[in-house]
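Notes follow once the structure below has been shown.
Numbering (my numbering), first residue to last: 1 to 164.
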């Protein structure tokens, strides 16, 4: 009986390890200029791969995470880089570039990220990218002050949130 219990326990452990998501879900929350901001996303890791300009190509729409549509929700009317955004939940996409990124808010906040359509864009805003001080292994989104900040590999991108 003891051998069977040990075997069953070992199988359970291996099955959990084998089915663990490589890009686990994450949430970034914060308040920017009095507006509560929540970002739900999945965190891919570099794992030795070239990310910017490689896994994440320059000049193409990226789902800004992994596995599912990254969503961003505002508790009140807001502005993103000066453009009006009504209270609500939106899909967050980006078009990475070497020195400049395009931030896209889509009216479609769920579904498959592969069903992205420019026709559903609420806004597009161009922002500058910067180099991080050190390598960021796992894609991270945070709300820092009045900015939403995206970091991965050696790249950091932020966009400003203000009260609408």
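Note that the Cβ used here is the ideal one computed from N, Cα and C, for glycine as well.
Model, not experiment: these values are computed from the prediction.
Span separating the alpha-carbon of residue i from that of residue j
i	j	result
residue 29	residue 42	14 angstroms
residue 116	residue 82	24 angstroms
residue 63	residue 93	5 angstroms
residue 5	residue 26	Note on residue 5: pLDDT 49, under 50, position unreliable in the model; the coordinate value appears next. Whole-angstrom Cα-Cα distance: 34 angstroms.
residue 120	residue 85	14 angstroms
residue 174	residue 134	The chain is shown from 1 up to 164; residue 174 falls before or after that span and cannot be answered.
residue 77	residue 107	14 angstroms
residue 149	residue 143	6 angstroms
residue 125	residue 102	5 angstroms
Buried/exposed call for residue i, threshold 16 Cβ in 10 Å
i	result
residue 54	exposed
residue 10	Confidence at residue 10 is low in this model, with a pLDDT of 44, below 50, so its placement is unreliable and the value that follows should be read with caution. Exposed, by the Cβ-count rule.
residue 31	exposed
C-beta atoms of residue i and residue j nearer than 7 angstroms
i	j	result
residue 147	residue 158	yes
residue 113	residue 69	yes
residue 57	residue 23	no
residue 66	residue 153	no
residue 90	residue 72	yes
residue 100	residue 131	no
Cβ-Cβ separation, residue j to residue i (assumed contact under 8 angstroms), whole Å
i	j	result
residue 39	residue 161	Actually they are not in contact, since the Cβ atoms of residue 39 and residue 161 sit about 11 angstroms apart, beyond 8 angstroms.
Per DSSP, cross-strand counterpart(s) of residue i
i	result
residue 102	95 and 126
residue 52	56
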